[in-house]
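Quick note, the sequence shown lines up with residues -18 to -1, 1 to 335 if you use mature numbering (1 follows the signal peptide of the UniProt record, and there is no 0).
Built from N, CA and C at the ideal position, the CB exists for glycine as well.
Just so you know, these numbers come straight off a predicted model, no measurement behind them.
This report refers to the structure that appears directly beneath it.
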Amino acid sequence: MGTACWLWNHLRRSGASGFLLPLFGVVDSSSVAAIVGCMSQLVVKEIANGDVQVKADAIRIGNYIDGQVPTDSKEFSKRIFYTVFMGSGNSSADSRRRSRVLSEEVGSWHLDVSIDGVISSLLYLFQTLTGKRLHNKENGGTNVENTALQNIQARTRMVIAFMLASLLPWVHNKPGFYLVLSSTTADEGLCGNLTKDLRAFLRWAAENLGYSSLAEIEAAHPNAALQSSRTNDQEESDIGMTDEELSVCGKLRRIFRQGPLSMFKDLCCKWQLTSTPAEIADKVKHFFMYYASNRHKMTVLTPSYLVESYSPEDNRYDQRQFLYNARWPYQFRKIDELVLQQLNADGGSSDVY
């Protein structure tokens, strides 16, 4: 509810005429769609309760004329909320269907767009300039190629989203512009992805907001559709850590102020029943390597509504330096020494310090 009220306040004070959301039928974007739907329900409820200010804002934003006022949340959403599924050859039919069903439940004006043509044009341009053709991992490509292909898709979607947000109101003879909505996990922000576990919220919204499709979305595997479904069944594998593991590491780093070595020691106690010291060392190194490489991005995060008790962004939460040696030579060497001690120790104890 708080997030929905925050969105409404942002919308009414911005001068915009609504929101546009890239909707992919997965947890993060579906949560945002549900929040906007909740916002519309609250607006209609407050108007029915006689709130004059909300009524005036809703009439202005929804472009109501001739004494009309919002009385139905879906009808109101149709006026102020665009959702767009930007599919590619990597997108699944289930994701497309879930996006469409959720948009119908919320009441948004939904579009289904294929971005394959744009991506093919960019890849053709690159091949013309360099004589090189990019391949993904599935087809023998390197990590550099695979990352580049994912970035091309992600940035293409970003450009299309902003283009539609600025021009769709004009297409439909509406005044103003639309604000582009996005979502991201606070913990993945530490590793360069600018989505927190929202599954409990989806279960609540499916029951309390009337959006039953959220239950199916909550049960589905996360997938950003940046790689083929055969190599990207679970988005977590791209980062090398699960959402839960990222959350633990993020809190140890921020709240408990742990570095690589102290975090490794702590996790050897916390995770001793599920992981070996060598596996924990790999995860800690992976986390801090990505954190150091992407820490600078936290300095330019746009205003966000945080649903976690901490945040990786440094405008209000984290004032530490933002340039690090991503190789962490001293700390990683000490971790390796502790792992080696454990391997050479008798008795197989997981106490490595």
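So residue 68 is in the beta strand (DSSP E); what residue range does that whole segment cover?
-> 63 to 69
Can you list, in chain order, the residues of its chain whose CB lies under 6 Å from that of residue 222, leaving out five sequence neighbours each side?
-> 268
Does the pairing of the stretch 120 to 134 with the stretch 78 to 92 give three or more beta-carbon distances under 8 Å?
-> no
Cβ atoms of residue 29 and residue 37: under 7 Å apart, would you say?
-> yes
Proximity winner among 49, 105 and 99, relative to residue 142 (alpha-carbon distances) | 99
According to the Cβ coordinates, are residue 266 and residue 280 closer than 7 Å?
-> no
Exposed unless 16 or more other CB atoms sit within 10 angstroms - verdict on residue 106 | exposed
Buried or exposed: residue 225, going by 16 or more other Cβ atoms within 10 Å of its Cβ?
-> buried
Quick one: grab the DSSP three-state call for residue 257.
-> coil
Hey, out of 74, -8, 116 and 10, whose CA is closest to residue 200's CA?
-> 10
Nearest to residue 101 by CA position, among 112, 116 and 94, is which residue?
-> 116
Hey, residue 161 and residue -3: beta-carbon distance below 7 Å or not?
-> yes
Continuous alpha helix (DSSP H) stretch holding residue -4: start and end = It is not in any alpha helix (DSSP H) - residue -4 carries neither H nor E in the DSSP assignment.
Span of the beta strand (DSSP E) holding residue 96?
-> 91 to 96
Check each candidate in -17, -12 and 41 and name the one with the smallest Cα separation from residue 164.
-> -12
Presumed contact (8 Å Cβ cut-off) between residue 304 and residue 242, rounded CB distance = That pair is no contact at about 17 Å.
Roughly how far, in whole angstroms, is the beta-carbon of residue 58 from the beta-carbon of residue 25, given that I think they are within contact range, below 8 Å?
-> 6 Å
In or out: residue 2 buried (at least 16 other Cβ within 10 Å) or exposed?
-> buried
Spatial neighbours of residue 76 within its chain, please: CB distance less than 8 Å, with the 5 preceding and 5 following residues excluded, ordered by chain position.
-> 7 and 202
Best match in 5, 45, 32 and -18 for proximity to residue -7 [C-alpha to C-alpha] | 45
Under the three-state DSSP convention, the category residue 336 falls into | Outside the modelled stretch of the chain, which goes from -18 to 335, sits residue 336, for which no answer is possible.
State yes or no: is the C-beta of residue 4 within less than 7 Å of the C-beta of residue 139?
-> yes
Would a C-beta distance cut-off of 7 Å place residue 150 and residue 64 closer than the cut-off?
-> yes
Jot down the residue ranges of each uninterrupted beta strand (DSSP E) in the stretch 80 to 161, minimum 3 residues, whole runs only, in chain order.
-> 91 to 96
For residue 317 and residue 323, the rounded distance between their alpha carbons | 10 Å
What residue range is occupied by the uninterrupted alpha helix (DSSP H) comprising residue 225?
-> 225 to 236
Would you call residue 247 buried or exposed, if buried means 16 or more other Cβ atoms sit within 10 Å of its Cβ?
-> buried
Distance, residue 27 Cα to residue 54 Cα | 9 Å
Quick one: grab the DSSP three-state call for residue 53.
-> coil
What do you reckon, are the CB atoms on residue 183 and residue 22 nearer than 7 Å?
-> no
So, are the CB atoms of residue -1 and residue 62 less than 7 Å apart?
-> yes
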